[in-house]
Amino acid sequence: MEQFNSKSCEEIMTTVYKPIEFVVDGLLAQGLYILAGAPKVGKSWLALEMCLSIAKGEKVLGLKTSQGTALYLCLKTAFSESKTGFMN
């Protein structure tokens with residue numbers, strides 16, 4: 001079994017970390033995210049738009065992106081709805 005790794009506050013404060021790499025300038029750093037909010041406010045379309053913009057290296061919400069790989073997992077939308085979104 002893997003042992004739990006912990007650090008003291010002092011260790012965290014004295015460690016030199018590499019700068020945060022943003023994929024959407026100043027908004028979204030590299031990593032895994034869950035997007036949550038009220039129903040029908042556009043969460044799925046926002047996530048899709050961000051993923052497509054990152055994959056193409058195009059601006060999203062007026063912000064620069066770093067072109068890269070993006071994985072979009074939408075567990076509630078039918079493939080036909082996703083296809084319509086991809087075409088727009």
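Take full-length UniProt numbering: the final residue in the sequence shown is number 88, and no numbers are missing along the way. From the three backbone atoms N, C-alpha and C, an ideal C-beta is built for every residue, glycine too.
If you draw a 10 Å sphere on the C-beta of Leu32, you find fewer than 16 other C-beta atoms in it, and that means exposed. Here Val41 is not near Met50, since their CB atoms are 7 angstroms or more apart. Here Tyr72 has Ala47, Leu48, Cys51 as same chain residues with Cβ atoms under 7 angstroms from its own Cβ, once five neighbours each way along the sequence are excluded. Sequence-distant partners of Leu63 (beyond 5 residues in either direction) whose C-beta falls short of 8 angstroms from its own C-beta, in its chain, are Val24, Asp25, Gly26, Leu27. Listed in chain order, the beta strand (DSSP E) runs fully inside the region 20-61 are 22-24, counting runs of at least 3 residues.
For Ala55, the CB contacts under 6 angstroms within the same chain, skipping 5 residues up- and downstream, are Ala70 in chain order.
Remark: C-beta atoms of Ser44 and Cys74 approach each other more closely than 7 angstroms. If the five residues before and after Glu21 are omitted, its C-beta is found closer than 8 angstroms to the C-beta atoms of Ala29, Gln30, Ser66, all from its own chain and listed in chain order.
Per DSSP, Leu75 has no beta-bridge partner at all.
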